[in-house]
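Have a look at the structure below, then the notes.
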Amino acid sequence: MASAAAGEERKKTACVTGGNGYIASLLIKMLLEEGYAVKTTVRHPEDKESNSHLEDLQKLGSLEVFRADLSEEGSYDDAVAGCDYAFLLAAPVNYTSKNPETELIELGVQGTLNVMRSCVKAGTVKRVVLTSSTAAVSSRPLEGNGNVLGEDSWSDVDYLTAKRTGLWAYPVSKVLIERAATEFAAENGVSLVTLCPSVTVGEAPDRQVYTTVPAILSLLSGDEEELSVLKGIERASGSVPLVHVEDVCRADIFAAETAADGRYIVNGLDTTIADMARFLADKYPQYNVDTNNL
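According to the working numbering, the sequence shown is numbered sequentially starting from 3.
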């Protein structure tokens, strides 16, 4: 008679890159709660402050933390080895870099390819899920009203590179990362699904948020620089598209476990800065949210 241990079904194993990131931290939590064994990567495992949430998450199940760097080919090999799925969330976050071509665009593309090379080397990865952004969809000149953008829409790299205004390098990096990953997947027989979430909000284990959450909170904090980011999003698309971080993570897991390929937009609702300001003013009157000059 086989032993109980031998009869147990092997846990599905997932690698989540960028474990000290906003979306990645919640994805790790949800995977652990679903019974996955999880392997994640950070640049500096010795940084206890930045990685404290990972220690907390280890109480939920099997979570291993590996050192890896997007700029180092092969540094993801150990983290990906033996994994069934790989969720690619690690990405450069220096949006205000003085050298965005190298520090944001080139590093983002080569870093993503480095992780995918590790996936090929592992030989066990059934599906790679790349989390991109609707910035790769909607950053393009549009004329008139009623424009509809979908999964086959792309931000205009030539237009953005020529204008070089605002955070131009961010959407450019997302487009080029997606295209490089898609080409690599086709050439190497990798099953790839790409998700493009909109402005992501909601609570996650990692409290050090560097993404669009501070821009949303600028209506409460009064941070003019972050508010300008929010206004830029509204100008570019005519609204502020929002999605809850839990829904993004559910989509990540669904994309890994279900027969799928291609590119999917993940969005919950479309609103405006004025509507958000009115909502926050009613809910948090103590913050004196300005609803008149938006």
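Even for Gly, the Cβ is constructed at its ideal location relative to N, Cα and C.
Check	Outcome
Quick one: measure Cβ to Cβ for residue 173 and residue 138, integer angstroms, because I've assumed they're closer than 8 Å.	6 Å
Rounded to a whole number of angstroms, what is the C-alpha to C-alpha distance between residue 221 and residue 247?	19 Å
What do you get for residue 56, buried or exposed, if any count of 16 or more other CB atoms within 10 angstroms of its CB means buried?	buried
Rounded to the nearest angstrom, what separates residue 156 and residue 236 at their Cα positions?	18 Å
So, is residue 59 buried or exposed, given that buried needs 16 or more other C-beta atoms within 10 angstroms?	buried
Taking the straight line between their C-alpha atoms, what separation do you get for residue 8 and residue 14?	The pLDDT assigned to residue 8 is 41, lower than 50, so where the model puts this residue is not dependable, and the model offers no usable value.
Excluding the 5 residues flanking residue 254 on each side, which residues of the same chain have their C-beta closer than 7 Å to its C-beta?	29, 89, 131, 133, 197
Tell me, please, whether the segment 271-279 touches the segment 176-196 by the rule of three or more beta-carbon pairs shorter than 8 Å.	no
From residue 288 to residue 242, what distance separates their C-alpha atoms?	24 Å
Less than 8 Å between C-beta atoms, sequence neighbours within five positions excluded: which residues of the same chain meet that for residue 226?	220
In terms of residue numbering, what span does the beta strand (DSSP E) encompassing residue 87 cover?	87-90
Any beta carbon from chain B within less than 8 Å of residue 287's own beta carbon?	In the structure shown, chain B does not exist; there is a single protein chain.
Answer yes or no: do residue 21 and residue 67 have a C-beta to C-beta separation smaller than 8 Å?	yes
Just to confirm before moving on: does the CB-CB distance between residue 18 and residue 40 stay below 8 Å?	yes
What is the rounded straight-line gap between the Cα of residue 127 and the Cα of residue 34?	18 Å
With distances taken from CA atoms, which of 117, 97, 109 is nearest residue 80?	117
Can you list, in chain order, the residues of its chain with a C-beta nearer than 7 Å to that of residue 190? Leave out the 5 residues immediately preceding and following it.	122
Residues in the same chain with beta-carbon distance under 6 Å from residue 69, minus the five sequence neighbours each way, listed in chain order, please.	47
Taking only runs that begin and end inside the segment 103-162, name each unbroken alpha helix (DSSP H) of 4 or more residues, in chain order.	109-124, 137-140
Should residue 110 be labelled buried (16 or more other beta-carbon atoms within 10 Å of its own) or exposed?	buried
So what does residue 69 bridge to, in DSSP terms?	44
Measure the C-alpha to C-alpha separation of residue 251 and residue 36 and round it to an integer number of angstroms.	12 Å
For the candidate residues 291, 192, 140, whose alpha-carbon lies nearest to that of residue 125?	192
Would you call residue 53 buried or exposed, if buried means 16 or more other Cβ atoms sit within 10 Å of its Cβ?	buried
Please classify residue 86 as buried or exposed, where buried requires at least 16 neighbouring CB atoms within 10 angstroms.	buried
Can you have a look at residue 102 and say buried or exposed, based on whether 16 or more other CB atoms are within 10 angstroms of its CB?	buried
The alpha helix (DSSP H) spanning residue 184 covers which residue range?	171-190
Figure out for me which residue from 166, 153, 72, 32 has the closest Cα to the Cα of residue 265.	153
Considering only residues of the same chain and omitting the five flanking positions on each side of residue 6, which have a CB-CB separation below 8 Å?	Confidence at residue 6 is low in this model, with a pLDDT of 41, below 50, so its placement is unreliable and the value that follows should be read with caution. Within the same chain, residue 6 has no close Cβ partners at all.
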